[in-house]
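Numbering follows our numbering, with no gaps: position 1 of the sequence shown is 463. I have placed the structure first, in the form of structure tokens, so that the comments after it can refer back to it.
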Amino acid sequence: MSAQAATYYDLLRVSRRERPDGVRAAYRRLAQKYHPDKMQGSADAQRVMAALNEAYAVLSDPERRALYDRRIADAQIERRRAHLSMLARLDDPGAAWPWYLLFATIAFAAVAIGISVYKNYVPGATAAVTFAASRSPR
């Protein structure tokens, strides 16, 4: 979950199976480290402390923690469902990738390489192209 979004568990640096005593100890350790009185002049100190307080308030209350755990589980299930749906759409032959874009890109690259090779390796090709471009129309 930490790769997707920070949870309260990530903020307090505890596992989801941590007991309430461990959550309290982690909160106190981080509160001492990031307290605004100890971080004089830091603009983020109040924001960090507010996030720690909110995380501790949810994880220290058994009912709120159970509800939060259910929301995390629901979010994980929804992410898995969306991932499987995306994979199913990729395998659907009716929703195939527009191959004409790939072929057009390859054709454009081949023409660009051909022009570059022609200008660099055919003797007199650059002079002829430059001469034709420098003429003024009558």
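All C-beta atoms, glycine included, are put in the ideal place defined by N, C-alpha and C. Quantities reported herein were computed from a predicted structural model and do not represent experimental measurements.
Between the CA atoms of residue j and residue i - distance to the nearest angstrom
| i | j | result |
| --- | --- | --- |
| Val520 | Arg486 | 12 Å |
| Gln508 | Tyr471 | 19 Å |
| Leu514 | Asp523 | 14 Å |
| Arg542 | Ala493 | 35 Å |
| Pro585 | Ile575 | 17 Å |
| Arg527 | Pro498 | 26 Å |
| Leu473 | Ile539 | 22 Å |
| Gly503 | Glu516 | 22 Å |
| Asp531 | His545 | 21 Å |
| Phe565 | Tyr583 | 26 Å |
| Asp536 | Lys495 | 33 Å |
| Leu563 | Tyr518 | 52 Å |
| Ala571 | Ile577 | 10 Å |
Nearest residue (CA-CA) to residue i, options the options
| i | options | result |
| --- | --- | --- |
| Tyr489 | Gly503, Ala512, Asp499 | Ala512 |
| Pro482 | Glu525, His545, Tyr562 | Glu525 |
Cutoff 7 Å; reference residue i; Cβ partners in own chain excluding five residues on either side
| i | result |
| --- | --- |
| Val476 | Gly484, Val485, Ala488 |
(request) List in chain order: all unbroken alpha helix (DSSP H) runs of 4+ residues lying wholly within the region 482–552. (result) If we require 4 residues or more, the alpha helix (DSSP H) runs fully inside the region 482–552 come out as 482–496, 507–522.
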